[in-house]
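Undergrad: Dropping a structure here in structure tokens format, bear with me for questions.
Residue numbers (the working numbering): 2 to 295.
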């Protein structure tokens with residue numbers, strides 16, 4: 002599973018579960034084959050690193066419990082499933098009570114992410130001549146064109162002969178393997194990403210009165226970007242699929258961390274000063290039109 006669109010990305014603050022009415026707490030038990038109800042299919046959600054399981058509503062949920070130096074119990078629902086983070090001293094019955102209180106929110110997120118994953122599975126790119134993908138928010142059609150070397154970079158973007166869109170001509174034979182096509186497209190996209198990201202970092206850094214020092218293209222599965230106090234910026238190369246305004250939001254987001262290294266109100270005020278509509282742009286990072294890259 003490629004969790005590019007998970008809910009706990011760096012660019013989205015973890016959504017706080019809404020308060021619910023207290024319920025009788027379910028009992029977490031060590032992980033084992035989930036019980037089934039005769040004549041009824043029990044929904045199953047199981048984190049690959051699950052060490053406990055609990056029944057929430059009609060669903061059996063295997064979750065990963067992490068204990069550490071923190072003051073409260075926290076929940077994170079991502080493509081792998083449910084992770085519960087709790088202080089080292091918290092007894093299991095208190096965790097069970099918290100699970101019961103937030104069970105509706107947890108189940109809703111688990112179902113949403115499973116449905117999203119199923120939809121993305123149907124959007125896999127078929128790596129062949131004529132395949133389509135997004136570049137800067139616009140559709141691009143792949144064209145295998147072995148007659149050109151394209152100045153030794155292996156690809157060239159040209160206007161489409163049809164209505165709208167562009168064609169990415171690849172210096173590959175018609176019988177090229179899917180992996181060859183994928184790798185050639187990725188190499189071209191990463192070159193475009195590095196050039197554009199550097200330009201946008203240079204554009205916005207003076208406005209935020211910060212200085213970035215190094216750009217690294219990331220392939221991380223959990224974040225679109227990150228920033229370090231030493232001025233290092235990491236941006237996921239697949240941001241190049243999104244339209245420029247969304248990319249600009251991510252660039253400003255990470256540059257703003259060079260001033261405020263958290264997601265406090267002061268941080269969001271810093272982002273808003275440069276990108277007033279950042280909230281709507283942030284939502285577009287969940288765009289399901291971005292296909293799986295396999």
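Beta carbons: idealized from backbone N, C-alpha and C, even for Gly.
For residue 87, name the three-state secondary structure that DSSP assigns.
TA: strand
Undergrad: Taking the alpha carbon of residue 174 as the reference point, which residue from 143, 251, 81 and 256 has its own alpha carbon closest?
TA: 143
Undergrad: Determine whether the beta carbon atoms of residue 185 and residue 197 lie at a separation below 9 Å.
TA: no
Undergrad: Using a Cβ-Cβ cut-off of 6 Å (strictly less than) and excluding sequence neighbours within five positions of residue 56, which residues of its own chain qualify?
TA: 27
Undergrad: Taking its Cβ as the centre, do 16 or more other Cβ atoms sit within 10 Å of residue 271, making it buried, or is it exposed?
TA: buried
Undergrad: Let me confirm a value: residue 284 is counted as buried when at least 16 other C-beta atoms fall within 10 Å, else exposed. Which label applies?
TA: exposed
Undergrad: Going by C-alpha distance, which of 256, 71, 255 and 243 is nearest residue 138?
TA: 243
Undergrad: Just to confirm, are residue 218 and residue 189 a CB contact at a threshold of 9 Å?
TA: no
Undergrad: Hey, how far is the Cα of residue 76 from the Cα of residue 268?
TA: 23 Å
Undergrad: Please report how far the alpha carbon of residue 125 lies from the alpha carbon of residue 48, in whole angstroms.
TA: 23 Å
Undergrad: Taking its Cβ as the centre, do 16 or more other Cβ atoms sit within 10 Å of residue 180, making it buried, or is it exposed?
TA: exposed
Undergrad: Which of helix, strand or coil does DSSP assign to residue 148?
TA: coil
Undergrad: Cβ atoms of residue 282 and residue 228: under 9 Å apart, would you say?
TA: Contact flag unset, no.
Undergrad: Who does residue 139 pair with in a DSSP beta bridge?
TA: 136, per the DSSP bridge assignment.
Undergrad: Consult DSSP for residue 217 and reduce its assignment to one of helix, strand or coil.
TA: strand
Undergrad: Considering only DSSP beta bridges, list what residue 250 is partnered with.
TA: Beta-bridge pairing links residue 250 to no other residue.
Undergrad: Taking the DSSP output, what are the residues bridged to residue 67?
TA: Answer is 86, bridged to residue 67.
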